[in-house]
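Okay, so here's the structure we're looking at.
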Amino acid sequence: MTDLVTDAAAGVRGRRDGAGAVEARSTGSTLGPEFSTGSGPWLHTEDGTAWFDGTSGSGAATLGHQHPEVTAAAVAQLGRLTHTGCKVGSDARTRMVERIGALSPYREPAVLPTATGAEAVESALKIARAATGHQAVVAFRHGYHGKTAGALALTWRPEFKTYSAPQPDHVVTAELPDPRVGDQADGVACFAAGLAAALDAADRRGGTAAVVLEPVQVTEGVLPVSSAILDEIARQTHSRGALLVLDEIYTGLGRAGRLFTAELMTRTPDLTLLGKTLGNGFPIAAVVGERAVLDALPPSVQTSTFSGHPVSCAAAAAVVDIVERQDVAGRARALGERLRADLTELAARHPWMHAVRTVGALAAFDCVPDGRFDPVLAKAVTGAALRERLLLFGGGPEGASVKIVPPALLEEADYRWLVERIATAVTQAEQADGSGRT
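Residue numbers (my numbering): 10 to 447.
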């Protein structure tokens, strides 16, 4: 197996040789060894050692790695037609967009396929500007929408923007209530005033084309937005003649316990962005909405060589079939409820585990000893998990969150293994911290 370097504080490992010495460090993998095969929640090194992927491949492998039906669909497509380019159609692409449209909450749906989630965000912004004739966009603090220039303009974390193009002045950032502090429903009136001010600012910068948000801010620590807040955002957005764009790249198609967050809202978002789960590991994303809205964008304004790639489309159509047939959303909800109960029980023994939260197959807690967020302790937890062959991401606005994102389709033995290793990692991190503090 490739030699590894371990950072004792962070528990993060990087390669000293092989491909890791050649790939640029910005994209180079830093978590765990190199893997050769995968199955369900497990990744295997070349020597057969199994590691539990508690990141689900950055949230994409909701059905688990190498789901046999998805793999079979992709392999079959490889033997038929691999590539057409963006302006030449394929039956695989037609089937994929029809399946998504049929499952979506839209009456006369249209689907714009893209190769990545960031590309879907960029496409949605173009659609919103074409449909409204306006330019400005409202996004939210702690949001993550990608790292290409347009998507990055909406993304909160400033360090991601250091080397990008100068940020445009037509993006206004609004605040969301912190779900870790009190009940969001109690803060709707205060939030509404802040959102109105943000929309006023956007109107002064060329008119508001869109309000873009994630129903769960996963990258920044699994921060859910309540139904009451979602409805208030939709109400104010539509009152300004703008489009509501719901970025469900992480949450859509069952990962967060619903096929679409629109199920929880009194108003349907104008555009929904899908990705991650849609390909279950294959690179594909999509913008979904009413045809009248998407067709505001003229032909050829948004194309990409690999958008609607036949192999990814074949995989995605299989994913949609599985999501519907196996009630992946319901299974994710059940998994989240169980995980919340087990994490809450663990937190009772380790009171520095703060604000346990789950939304479907998304879970997180914060490391808050002595009443303060502790990024070092969070890194100790993910580092201890790594030593137990469990891959977990940290995160959160304060860097003190531990995120647990397993596949939604999880066998009982695998679930028990996961919970036991989390408990071990928490205990080891506390012991390494040495204070026993609460």
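No residue lacks a Cβ here, since even glycine has one placed at the ideal position from N, Cα and C.
Just so it is clear, the structure is predicted and the values come from calculations on it, not from any experiment.
- DSSP links S410 through a beta bridge to D375, G404.
- For the pair of segments examined, the segment 396-414 was found not to touch the segment 273-284: the number of CB pairs separated by less than 8 Å stays below three.
- Counting only the Cα atoms, R349 lies some 37 Å from V320.
- The beta-bridge partner set that DSSP reports for F291 is empty.
- Judged by pairs of C-beta atoms under 8 Å, the segment 120-139 does not touch the segment 354-363, as fewer than three such pairs exist.
- In the three-state reduction of the DSSP assignment, D187 falls in the coil class.
- Distances from the alpha-carbon of T228 to those of A81, T64, A422 put T64 closest.
- The segment 335-348 and the segment 155-169 do not touch, with fewer than three beta-carbon pairs separated by less than 8 Å.
- V254 and V310 do not touch by the CB rule: their CB atoms are close to 17 Å apart, not below 8 Å.
- W165 sits in coil when the DSSP states are folded into three classes, being neither helix nor strand.
- In this structure, the alpha-carbon of P118 lies about 9 Å from that of V302.
- Collapsing the DSSP output to three states places G392 in a helix.
- The segment 388-404 makes no contact with the segment 201-219, as fewer than three CB pairs between them are under 8 Å.
- Nearest to V79 by alpha-carbon distance, out of L401, D375, D330, is D330.
- Look at F149 here: in three-state DSSP terms it is strand.
- In this structure, the alpha-carbon of F44 lies about 15 Å from that of L401.
- Non-local C-beta neighbours of L222 in its own chain, meaning closer than 6 Å and more than five positions away in sequence, comprise F149, ordered along the chain.
- Here A210 has V181 as same chain residues with Cβ atoms under 6 Å from its own Cβ, once five neighbours each way along the sequence are excluded.
- In the DSSP secondary-structure assignment, M105 is not bridged to any residue.
- Under the three-state reduction of DSSP output, W361 falls in the coil class, being neither helix nor strand.
- Your pair A111 and A324 does not check out as a contact, with CB atoms roughly 18 Å apart and the cut at 8 Å.
- Within the same chain, Cβ atoms closer than 7 Å to the Cβ of M274 are found at S236, L239, D240, A243, the five residues on either side in sequence being excluded.
- By a beta-carbon distance limit of 8 Å, R189 does not contact A305. Their separation comes to about 38 Å.
- For G126, there is no enclosing beta strand (DSSP E); the enclosing alpha helix (DSSP H) has its first and last residue at 126-141.
- The Cβ-Cβ distance between V368 and T286 does not fall below 9 Å.
- The C-beta distance from L419 to P50 rounds to 6 Å, short enough to meet the 8 Å contact threshold.
- An exposed status is given to T46, since fewer than 16 other beta-carbon atoms sit within 10 Å of its beta-carbon.
- In the structure shown, the three-state DSSP call for F200 is helix.
- Between V390 and V435, the gap from beta carbon to beta carbon is short of 9 Å.
- Spanning the alpha carbons of A422 and F61 requires a straight line of approximately 12 Å.
- The shortest C-alpha to C-alpha distance from E184 to any of A158, V147, S173 is the one to V147.
- Between A417 and G230, the CB-CB gap reaches or exceeds 9 Å.
- Between V97 and A295, the C-beta spacing is not below 9 Å.
- By DSSP's assignment, A219 forms a beta bridge with V146, L252.
- DSSP, read as helix, strand or coil, puts L399 in strand.
- Looking only at Y153, P378, D375, A201, the smallest Cα-Cα distance to G126 is reached by Y153.
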